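Residue 0 is where the sequence shown starts when you use numbering that gives the first Met the number 0, and the numbers rise one by one after that. Report on one structure; see the data block that follows.
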Amino acid sequence: MLDMMLDSDPTVFGAGEMSTICRHVWPNNEYCSCHERVQDCVLWSKIMADWQAGGVDLAEHARLQRRIEPVVSPARYLGGKSWRQYYDQTLALMRLSAQHAGQPVLLDSSKSPGRGLALARGAQADGLDMRVIHLVRDPRAVAYSMSKPMKVDTAAGVQKKLRAHPVARTALRWNFVNSGADALMRLIPEGHAIRVRYEDLVADPAATLRAIGEAVGLDLADLGNRIAAGEAIAAEHQVAGSRIRMSGPMSLKADMNWQDRMSPSAQRQVERLLGKRMRRYGYS
0 MLDMMLDSDP TVFGAGEMST ICRHVWPNNE YCSCHERVQD CVLWSKIMAD
50 WQAGGVDLAE HARLQRRIEP VVSPARYLGG KSWRQYYDQT LALMRLSAQH
100 AGQPVLLDSS KSPGRGLALA RGAQADGLDM RVIHLVRDPR AVAYSMSKPM
150 KVDTAAGVQK KLRAHPVART ALRWNFVNSG ADALMRLIPE GHAIRVRYED
200 LVADPAATLR AIGEAVGLDL ADLGNRIAAG EAIAAEHQVA GSRIRMSGPM
250 SLKADMNWQD RMSPSAQRQV ERLLGKRMRR YGYS
C-alpha cells in the first residue's frame, strides 16, 4: 500500500517488488498491476528487452539472487565476482526502469533486507543516493494474515497457492527478516532512512508521508494531505501484483481485523516470542 501511495507522486516510479522479476514474474509471465501479462506490458516489455540486450541472462541473475539476497549470505559478505555481477546487473535494471518510466526516483518495494544490504554496499562505494524505508507491521497482524490459506487467482494477484502458516513460524520469520532490516538501517547515512509502522501510516497518512519525505528528500506533504482527505491510490506498473495492487483505485483503509478475530492464545504466543523487538518498534 505504501508503494502505491508513493507511486502517486509524479517524481516517483513505484516499480513493485523488483526482486521477483527474474525469480518468477518474468519466467511465468505473471500480471503487472496494469492488468496485462508482464511480457505484454507496454512498460516492462521495453525495460526487459533493453536489460537483456545488455547481456543479462535472467536464469543466471536469479541464481545470483539466491546467493546474494538471503538475510545471511556469505557470498555477499565476501564480495567478489558474484556480488559485483549481481550489483552491476541490478543497478542497470533500476536505471533502465527509471529511464523508461520517465521519473527520476525509483522505488523498489522488495521485501528483502538482504537485497538492500547488497545494494547499499555498492551504492556507498559509488556515491549513489540510496534511501531506505523500513515498513513494519504488528507481528500479531502478520501472523493472523499468514494463518489463512489462499487459492491461486493470478488475475487477482495470488500467483501461487498459499498454505496456512503456524503462528510461531510466522513470528520467528518476522523477527529474522526485521533483524536484517535493522542491520540495513544501520548502514544508511543518518537522516536517509526511516522506520514506518503500518498502524501509524493508516492512522495519520499526512504526518507519516511528511516524515517519509524528509528521509527520502521529497516533498510529500500535499500527497499526504490528499490521501488523508480520501483521494484514491492505484498501482500503475508494479510487478509481483498482489491482491491490493490488482484491485484498482482504492482509498486508504486500515485493516485491523486481527484484533477481533485472532485468538487471545495466538496473540500471547506471538508476544512471548517477540516481546523485545515488539517493544523496540513501539508495540505493546
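Just so it is clear, CB atoms sit at the ideal spot from N, CA and C, and this is done for glycine as well. This structure is a prediction, so every number in the text was calculated from the model and none was measured.
- Three or more beta-carbon pairs separated by less than 8 Å link the stretch 54-73 to the stretch 14-30, which places the two stretches in contact.
- For Arg267, the secondary structure class from DSSP, reduced to helix, strand or coil, is helix.
- Bridge pairing for Val11: Val104 [DSSP].
- For the 8 Å CB-CB criterion, Gly15 and Ala239 form a contact.
- Of the other Cβ atoms in all chains shown, 16 or more fall within 10 Å of the Cβ of Gly113; this residue is therefore buried.
- Here Thr10 is exposed. Its C-beta has fewer than 16 other C-beta atoms within 10 Å.
- Rounded to whole angstroms, the gap between the alpha carbons of Arg162 and Val141 is 14 Å.
- Straight across, the Cα-Cα distance linking Leu272 with Ser146 is about 17 Å.
- Selection Thr19, Leu222, Trp43, Leu186 evaluated against Ala124 yields Leu186 as nearest (Cα-Cα).
- The residues Cys31, Cys33, Leu42, in chain order, have a CB closer than 6 Å to that of His236 in the same chain once the five nearest residues on each side in sequence are set aside.
- The alpha helix (DSSP H) runs of length 4 or more contained entirely in the stretch 34-61 are, from start to end of the chain, 43-52.
- Under the three-state reduction of DSSP, Ile187 is assigned to coil, being neither helix nor strand.
- Membership of Ala192 in any alpha helix (DSSP H) is not indicated; the residue belongs instead to the beta strand (DSSP E) covering 192-196.
- Contact between Ser250 and Gly216 does not hold, since the beta-carbon distance rounds to 27 Å and is not under 8 Å.
- In the DSSP assignment, Leu5 falls within the alpha helix (DSSP H) that extends over 1-6.
- For Leu134, no alpha helix (DSSP H) encloses it; the enclosing beta strand (DSSP E) starts and ends at 131-135.
- The shortest C-alpha to C-alpha distance from Ser96 to any of Ala205, Gly212, Met47 is the one to Met47.
- For Ala228, no alpha helix (DSSP H) segment is defined, and its DSSP state is neither H nor E.
- Between the stretch 258-278 and the stretch 174-181, the count of C-beta pairs closer than 8 Å reaches three or more; the two stretches touch.
- For Arg136, same chain residues with a beta-carbon under 8 Å away, outside a window of 5 residues either side, are Arg196, Tyr197, Glu198 in chain order.
- Val238 is bridged by DSSP to Gly15.
- Measuring C-alpha to C-alpha distances from Thr169 to each of Ile243, Ser81, Gln266 identifies Gln266 as the nearest.
- Judged by DSSP in its simplified three-state form, Met261 adopts coil rather than helix or strand.
- The beta carbon of Trp50 sits closer than 6 Å to those of Leu92, Leu95, all from its chain and outside the five residues before and after it, given in chain order.
- In the three-state reduction of the DSSP assignment, Met93 falls in the helix class, which pools H, G and I.
- About 14 Å separates the beta carbon of Ala214 from that of Ala180, a gap too long to meet the 8 Å contact definition.
- In the three-state scheme derived from DSSP, where H, G and I count as helix and E and B as strand, Tyr30 is classed as strand.
- In this structure, DSSP gives Met249 an extended state, which the three-state scheme calls strand.
- Of the residues Lys80, Gly54, Asp8, the one whose Cα lies closest to the Cα of Arg66 is Lys80.
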